[in-house]
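A.B. asks:
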Amino acid sequence: MSETHSSLVAHQFDDGVQQKQATTLGMWVFLITEIMFFGGLILAYTVYRIKYPEEFHHASKHLDYVMGTVNTCILLCSSLTMAFAVHAAQEGKRKLTMIFIVVTMVLGAAFLGVKGWEYYTKYTDHLIPGPNYDLNHLWEGAGLLPKTQLFFSLYFAMTGLHAFHMLIGLGLMTWLFVKTKRGRFSKEYFNPVEVCGLYWHFVDIVWIFLFPLLYLVDRSH
Amino acid sequence: MEMDRTVVAEERPTIIDTVTGAIRENYLNANYGLKSWFLTVDHKRIAILYLISITLFFFLGGSFAVMIRLELITPQGDLVQAETYNKLFTMHGIVMVFFFLIPSIPAVLGNFLVPIMIGARDMAFPRLNLASWYIYVVGGLFTLGAMIAGGIDTGWTFYTPYSTSFSNTYVIATGLGIFVVGFSSILTGLNFIVTIHKMRAPGLTWFRLPLFIWSNYATSIIMVLGTPVIAVTILLVALERGLHIGIFDPALGGDPILFQHLFWFYSHPAVYIMILPAMGVISELVACFSRRRVFGYKFVAFASLGIAVIGFLVWGHHMFVSGQSSYAGMIFSFLSFIVAIPSAIKVFNWTATMYKGSISYDTPMLYVMGFIGLFTIGGLTGLFLACLGVDIHVHDTYFIVAHFHYIMVGGTIMAYLGGIHFWWPKITGRMYPEGWGKFSALLIFVGFNLTFFPQFLLGYLGMPRRYYAYPQEFQVLNVMSSAGASVLGVGYLLPLVYFLWSLRYGRIAGSNPWKATGLEWQTSSPPPTENFLATPVVTEEPYQYSPEETEAEYAMTKKENVNV
Chain A
73 MSETHSSLVA HQFDDGVQQK QATTLGMWVF LITEIMFFGG LILAYTVYRI
123 KYPEEFHHAS KHLDYVMGTV NTCILLCSSL TMAFAVHAAQ EGKRKLTMIF
173 IVVTMVLGAA FLGVKGWEYY TKYTDHLIPG PNYDLNHLWE GAGLLPKTQL
223 FFSLYFAMTG LHAFHMLIGL GLMTWLFVKT KRGRFSKEYF NPVEVCGLYW
273 HFVDIVWIFL FPLLYLVDRS H
Chain B
2 MEMDRTVVAE ERPTIIDTVT GAIRENYLNA NYGLKSWFLT VDHKRIAILY
52 LISITLFFFL GGSFAVMIRL ELITPQGDLV QAETYNKLFT MHGIVMVFFF
102 LIPSIPAVLG NFLVPIMIGA RDMAFPRLNL ASWYIYVVGG LFTLGAMIAG
152 GIDTGWTFYT PYSTSFSNTY VIATGLGIFV VGFSSILTGL NFIVTIHKMR
202 APGLTWFRLP LFIWSNYATS IIMVLGTPVI AVTILLVALE RGLHIGIFDP
252 ALGGDPILFQ HLFWFYSHPA VYIMILPAMG VISELVACFS RRRVFGYKFV
302 AFASLGIAVI GFLVWGHHMF VSGQSSYAGM IFSFLSFIVA IPSAIKVFNW
352 TATMYKGSIS YDTPMLYVMG FIGLFTIGGL TGLFLACLGV DIHVHDTYFI
402 VAHFHYIMVG GTIMAYLGGI HFWWPKITGR MYPEGWGKFS ALLIFVGFNL
452 TFFPQFLLGY LGMPRRYYAY PQEFQVLNVM SSAGASVLGV GYLLPLVYFL
502 WSLRYGRIAG SNPWKATGLE WQTSSPPPTE NFLATPVVTE EPYQYSPEET
552 EAEYAMTKKE NVNV
């Protein structure tokens with residue numbers, strides 16, 4: 073059995089093609105589970121936005137859409153550099169792959185930094201749900217709409233879960249970087265870079281949904 | 002998702018062959034020691050790890066049931082206090098649902114059989130497979146810890162706002178245990194889907210797959226789509242309970258009905274996670290012991306997928322009296338009737354398979370016939386409950402308890418035990434004692450009906466579930482139920498004893514003791530680590546049985562015996 077196997081193909085697979093197809097399908101199936109995972113939260117968001125349109129309208133005005141836009145740009149750029157990293161790995165360019173992985177990581181970390189800053193301003197503004205929550209000092213109409221806290225509960229749950237996925241992504245990037253540095257990938261075998269790329273793009277796309285839902289919808293008037 | 006080749010097949014020692022049944026290398030004796038088990042990536046060994054751990058949880062959950070049935074022998078509460086009783090039925094439900102029934106057939110029989118049945122060396126992701134067992138153990142220890150610390154009393158459904166605002170028990174810890182164990186189920190489902198898509202042997206087209214594979218494939222779809230939703234729901238319950246964020250708290254604008262929707266969006270399909278693999282087992286067994294091809298193979302295969310899809314659209318029938326819109330109730334009622342159709346297709350097709358078959362009544366077949374009868378009762382009473390009007394009368398009574406036990410215990414556990422008996426010679430290389438097998442199958446059937454049929458009557462007469470005391474007039478039926486439970490308990494303990502006995506003293510099975518078709522019977526018992534010495538090539542459809550041939554053979558042996 074071992075003679076017919078390249079050292080890059082795990083024992084359960086017949087050849088590299090089967091291995092590549094299996095791991096790619098595996099990642100896609102995993103991403104489907106992630107859609108369902110975030111889907112539960114997006115459902116809760118939809119239900120409460122319909123139930124409390126006024127509260128959500130006013131509460132969402134207290135999110136910083138400039139920060140949100142900057143973060144969206146950062147994340148889109150990181151997806152681009154991730155795509156470059158996959159391409160470089162495909163061409164067998166080790167150095168270039170490492171560079172793009174590092175750039176992706178820097179952009180990912182920048183996103184988390186901005187997010188952390190936003191969380192900090194929410195803390196100083198007393199907008200974190202719980203006993204210290206208080207919108208009254210920012211907006212005098214808040215007393216008439218007591219359920220605005222729900223918006224921020226959902227905001228923190230959804231963006232928090234997203235940020236957690238970013239952290240996992242950064243972990244994966246570190247792992248890829250080490251493997252690339254050790255020369256484990258080649259033109260023939262770069263599948264891990266590709267499937268981690270799929271994950272990274274997915275986390276990016278989740279943000280592309282969260283950003284308009286939380287920051288943009290219904291805040292113009 | 003590591004792709005490096007780390008497992009290198011070592012030089013194999015000389016294999017002493019086989020025709021004589023002498024020692025040859027197999028997955029059990031390939032290497033020894035704790036490390037070779039706890040770090041194994043062999044799907045067969047992982048199946049054994051699951052078998053041992055879910056058996057422990059089964060008897061733990063069973064011991065809670067023993068306490069419940071003891072308490073209910075008398076109308077007044079005397080054995081335990083009301084709070085303890087609440088904890089007992091909660092922990093019985095949680096252990097049985099999340100730690101036994103959901104992993105039972107997929108993680109044990111599925112893990113062992115899926116790669117062999119499709120002619121593969123292993124799962125697509127062997128290390129992920131091992132990880133799923135470890136995740137299961139961690140989730141199990143979490144939940145066990147919470148139970149030892151003081152338990153939980155919310156019912157296995159965790160309904161808010163009781164679970165988030167009022168219960169004084171270990172809701173978060175138990176919830177986290179279930180959250181964790183959910184990922185084990187997701188990984189198993191993911192592994193099955195990829196394995197079945199990408200690892201099939203040459204010639205093994207979709208319509209040549211055994212129906213066990215089809216049903217596990219359908220189950221995996223539910224695991225992958227449903228489990229993440231319960232995960233996020235439990236996460237929200239924990240956040241709500243710990244931080245009071247308001248998502249399910251009416252005082253802060255949250256909606257408890259939303260919790261119920263999210264919970265049942267998983268937990269209804271979860272019933273199909275339990276029953277679909279059981280149906281797969283039944284399809285294999287009924288064909289083998291009737292010596293006939295499964296009647297309407299494609300219908301049975303697509304019925305599995307149909308159940309998986311429609312099963313996602315019926316969750317609202319758990320909420321008819323919750324205050325959801327009555328129009329939603331009507332649609333959920335209608336869809337619940339629809340989902341009965343693919344289930345009925347299966348029952349009719351199994352029956353048609355037996356018709357004009359050459360039926361033998363070995364232990365696995367006894368379980369099959371038990372399953373078909375009990376599942377039919379469970380399914381038909383499910384239709385009573387899908388009726389809006391009837392449901393208002395019997396909801397939250399023992400009628401419900403009896404109904405879902407007919408599906409989960411009468412269905413899933415019967416099929417699980419039937420499957421374990423059927424594949425035991427393949428898993429261990431030894432036969433179990435047939436006489437004891439038949440005897441305990443009979444005990445389980447009688448004990449089961451004596452336990453749960455009276456509960457239909459109790460429920461219809463109005464006895465509510467989840468109370469530790471009840472009016473005097475219900476005592477006779479409750480005593481019957483408790484008596485049945487003790488018979489059932491003996492029925493479950495017997496296989497534990499004789500399976501362990503058979504490991505040492507059982508007759509050597511040979512590679513195909515049932516003369517069954519299917520790739521798993523073409524390799525030796527127990528199979529070698531890589532399952533097949535050469536990759537099999539499949540050239541025909543499954544279940545190539547011939548009842549006429551079997552009858553002719555039977556007549557021959559009878560004649561020979563007379564001549565002797």
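Chains as they are written, first to last, in the working numbering: chain A, 73 to 293; chain B, 2 to 565.
For glycine and all other residues, C-beta sits at the position ideal for the given N, C-alpha and C.
Counting only Cβ-Cβ distances shorter than 8 angstroms, please list the residues of the segment 221-234 of chain B near chain A, keeping chain order.
C.D. replies: Val225, Leu226, Gly227, Thr228, Pro229, Val230, Ala232, Val233 and Thr234
A.B. asks: Just to confirm my understanding: we take A:Met177, look at its own chain, exclude 5 residues before and 5 after, and list those with CB closer than 8 angstroms. What are they?
C.D. replies: Leu242, Met245, Thr246 and Phe249
A.B. asks: For B:Val181, which residues of its own chain have a beta-carbon under 7 angstroms away from its beta-carbon, when the five flanking residues on both sides are left out?
C.D. replies: Ile136, Val139, Gly140 and Phe143
A.B. asks: Look at the alpha carbon of B:Ala23 and the alpha carbon of B:Gly430, and state the distance between them as a whole number of angstroms.
C.D. replies: Any reading at B:Ala23 needs caution, since the residue's pLDDT is 48, under 50, leaving its predicted position unreliable; the model's value is listed next. Roughly 12 angstroms between the two C-alpha positions.
A.B. asks: According to a CB-to-CB cut-off of less than 7 angstroms, which residues of the segment 44-62 of chain B neighbour chain A?
C.D. replies: none
A.B. asks: Just how far apart, CA to CA, sit B:Thr75 and B:Glu84?
C.D. replies: 17 angstroms
A.B. asks: Could you round the C-beta distance between B:Pro465 and B:Met481 to whole angstroms and report it? I think they count as a contact, below 8 angstroms.
C.D. replies: Contact doesn't hold; Cβ gap of about 18 angstroms is too wide.
A.B. asks: Nearest to B:Leu50 by CA position, among B:Ala353, B:Pro211 and B:Trp38, is which residue?
C.D. replies: B:Trp38
A.B. asks: Starting from the Cα of B:Phe58, find the closest Cα among B:Leu80, B:Leu29, B:Leu102 and B:Gln82 and give me that residue.
C.D. replies: B:Leu102
A.B. asks: Go ahead and pull the three-state DSSP assignment for B:Arg466.
C.D. replies: coil
A.B. asks: In terms of residue numbering, what span does the alpha helix (DSSP H) encompassing B:Trp1 cover?
C.D. replies: Within the shown structure, residues of chain B are numbered from 2 to 565, placing residue 1 of chain B beyond reach of any answer.
A.B. asks: Whose C-alpha, out of B:Phe446, B:Phe400 and B:Val410, is nearest the C-alpha of B:Leu462?
C.D. replies: B:Phe400
A.B. asks: So if DSSP puts B:Thr398 in a beta bridge, which residue, or which two residues, is it bridged to?
C.D. replies: B:Pro465
A.B. asks: Rounded to the nearest angstrom, what separates B:Ser547 and B:Tyr218 at their Cα positions?
C.D. replies: 28 angstroms
A.B. asks: In three-state DSSP terms, what is B:Leu458?
C.D. replies: helix
A.B. asks: Run down chain B in chain order and give the residues with a C-beta less than 8 angstroms from the C-beta of A:Ala116.
C.D. replies: For A:Ala116, the residues of chain B that pass the 8 angstroms Cβ criterion are Leu237, Ile248, Leu259 and Leu263, in the order they occur in the chain.
A.B. asks: Measure the CB-CB distance between B:Val225 and A:Val101 and report whether it falls below 9 angstroms.
C.D. replies: yes
A.B. asks: If you measure between the beta carbons of B:Gly254 and A:Tyr120, is that distance less than 9 angstroms?
C.D. replies: yes
A.B. asks: According to the Cβ coordinates, are B:Asn513 and B:Pro116 closer than 9 angstroms?
C.D. replies: no
A.B. asks: Spatial neighbours of B:Thr377 within its chain, please: C-beta separation below 8 angstroms, excluding the five flanking residues on both sides.
C.D. replies: Val348
A.B. asks: What are the residues that DSSP puts in a beta bridge with B:Arg431?
C.D. replies: According to DSSP, B:Arg431 bridges with B:Ile509.
A.B. asks: Using a Cβ-Cβ distance cut-off of 9 angstroms, determine whether B:His245 contacts chain A.
C.D. replies: yes
A.B. asks: Name the residues in the segment 112-127 of chain B whose C-beta lies less than 9 angstroms from a C-beta of chain A; which are they?
C.D. replies: Result list: Pro116, Ala121, Arg122, Asp123, Met124, Ala125, Phe126 and Pro127.
A.B. asks: Considering only residues of the same chain and omitting the five flanking positions on each side of B:Ser1, which have a CB-CB separation below 6 angstroms?
C.D. replies: For chain B, the structure presents residues 2 to 565; residue 1 of chain B sits outside this window and is missing.
A.B. asks: Nearest chain B C-beta to A:Phe281 closer than 9 angstroms, yes or no?
C.D. replies: No, A:Phe281 does not count as interfacial toward chain B.
A.B. asks: Is the number of C-beta pairs between the segment 119-127 of chain B and the segment 198-206 of chain B that are closer than 8 angstroms three or more?
C.D. replies: yes
A.B. asks: Hey, A:Val186 and A:Ile240: beta-carbon distance below 9 angstroms or not?
C.D. replies: It is not a contact, given that the beta carbons lie outside the stated cut-off.
A.B. asks: For chain B, is any of its Cβ atoms less than 9 angstroms away from the one on A:Met245?
C.D. replies: no
A.B. asks: Using a Cβ cut-off of 7 angstroms, pull out every chain A residue sitting near B:His198, in sequence order please.
C.D. replies: For B:His198, the chain A residues whose Cβ falls inside 7 angstroms of its Cβ are Leu97, in order along the chain.
A.B. asks: Where do the ends of the alpha helix (DSSP H) carrying A:Asp206 lie?
C.D. replies: Note, A:Asp206: premise wrong, no alpha helix (DSSP H); not H, not E.
A.B. asks: Helix, strand or coil, according to DSSP, for B:Pro76 in the structure here?
C.D. replies: coil
A.B. asks: Can you tell which of A:Leu152, A:Thr169 and A:Tyr117 has its C-alpha closest to the C-alpha of A:Asp276?
C.D. replies: A:Leu152
A.B. asks: Within its chain, find whatever has a CB closer than 6 angstroms to the CB of B:Gly156; leave out the 5 residues flanking it on each side and keep chain order.
C.D. replies: Thr91
A.B. asks: At least one CB of chain A closer than 9 angstroms to the CB of B:Thr524: is that the case?
C.D. replies: no
A.B. asks: Whole angstroms is fine: what's the gap from B:Phe335's alpha carbon to B:Val539's?
C.D. replies: 42 angstroms
A.B. asks: Whose Cβ in chain A lies nearer than 7 angstroms to the Cβ of B:Ile194?
C.D. replies: Val101
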